[in-house]
Amino acid sequence: MSTASIVSSPANKTRPTFSNCSRAWRRWPGMNYPGNLTAPCRIALALLCTMLAVAPATASHALYDAEGRRLDVEIAPQFSPQSREEVISWTEKLAGSLTLVYGHWPRERWIIEVEATSGSADDPIPWAQIKRGGVDTVKFYVVDNTSAKDLLSEWTGYHEIAHLLLPYRGWGDTWFSEGLATYYQNLLQARAGLISEQEMWQRLYAGFMRGREDSRFDGKSLIEVNRQMRSSGGYMRVYWSGAWYFLAVDIRLRARSNGAFGLDNVLLRLNDCCARDALSVAEMIKVMDSGDQQPVFAELYQSMRNSTRLPDFEPLLAELGITIANGKVVLQSTGKAAQRRRQFLQSTAL
Ligand SMILES: [Zn+2]
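The sequence shown begins at 804 in this note's numbering and counts up one residue at a time.
Dropping the structure here:
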């Protein structure tokens, strides 16, 4: 796993909780502390002080990539010291995988928050979300007592951090943002050595199959299904149509440059210009196609939005020397297509 460039802070530092009540009250605008309080209010205040004084600390751990970009990992106090170590070990490797796209993290500073939740060991990260802002925060809800090994094998982590590769404004054309994360969650795991090349293509194939089998909305355009996704479903069609789009674009870019230039380079270009912006998909596509005579992203964008079912993915896989036999991917071992396919395991931008 190529995470050697990730550097931990020399020592864990602990963020103090409020032990001084007046500091806590100053955080609430409009509250006058401590004068003119009624008796029940004074009791409530005393109780709050006590709660804050005994509240266990959130552990914060700083990591740096090779370019000195900083990630703060903030771990909820409910985790035991041992679990905390497991969580830190996981986040170090997870964040390391994100440097395998263009060498550094998307932002100068970002945060991973880890909250404890109850649940089954089979599903160690039941929930995750991203908060975009001056500092992007990825929040994971993690089942306590989970090992770093189990967390590392969960796709959810890679999916969430892959969202940071786009400076997406957070609404409209979610198939685009979800498609990129769905595509890259597999690339990141393979590039980090966590899954084999065979497994990576098997997972992509299995996902495309799920997208095809989610056929309830066949005949409706992707953008229509996307708009109604939260109320009506169709997640598989939406996510995997998006993943199809990015695989198709990546294949085209690599083919026309003989393997020298791919989606990794385009994401780097987008990051260089616009990491701090919140762009619509149309705005991102303009940047992604800039400088290219053939606007690959724009060309496929409209046809993708208008597609009425998940496009056939077998031809894409065939271009990379992949056939399907009894539900399993078969990878050609020699020839130009096989050579091109193996190049997906490395970034074209590194
Ligand atoms: Zn997502």
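Using N, Cα and C, we set each Cβ at its ideal position, and we do this for glycine too.
All values derive from a computational prediction rather than experimental measurement.
Count the other CB atoms, across all protein chains shown, that sit within 10 Å of the CB of R1144; report buried if there are 16 or more and exposed otherwise.
-> buried
Does the separation of the CB atoms of P880 and T861 fall below 8 Å?
-> yes
Report the three-state DSSP secondary structure of Q1031 (helix, strand or coil).
-> coil
From V1041, V890, A1101, R873, pick the residue whose C-alpha is nearest to that of F943; which is it?
-> V890
P970 burial status per 10 Å Cβ neighbour count (16 or more: buried) = buried
Could you check if R1040 is buried or exposed, using at least 16 other CB atoms within 10 Å of its CB as the buried criterion?
-> buried
Taking the CB atoms as reference points, tell me whether F1011 and L1113 lie closer together than 8 Å.
-> yes
Less than 8 Å between the CB atoms is what I'm expecting for Y986 and F1049, so what's the real figure, rounded?
-> 4 Å
Count the other CB atoms within 10 Å of the CB of K816; is the residue buried (16 or more) or exposed (fewer)?
-> Any reading at K816 must be qualified, since the residue scores a pLDDT of 33, below 50, and its modelled position is unreliable; the value itself is stated next. By the neighbour-count criterion, in which a residue is buried when 16 or more other Cβ atoms sit within 10 angstroms of its Cβ, K816 is exposed.
What are the boundary residues of the alpha helix (DSSP H) that includes K934?
-> Where K934 is concerned, there is no enclosing alpha helix (DSSP H), although the beta strand (DSSP E) it sits in stretches over 930 to 934.
With DSSP as the reference, label T894 as helix, strand or coil.
-> helix
Taking just the CA atoms, how far does K952 sit from Q885?
-> 14 Å
If V945 sits next to A919, beta carbons under 8 Å apart, how far is it from one beta carbon to the other, in whole angstroms?
-> 7 Å
Measure the C-alpha to C-alpha separation of P832 and G937 and round it to an integer number of angstroms.
-> With a pLDDT of 28 at P832, under the threshold of 50, the predicted position of this residue should be treated as unreliable, though the coordinate-derived value follows. Taking the straight line from one Cα to the other gives about 22 Å.
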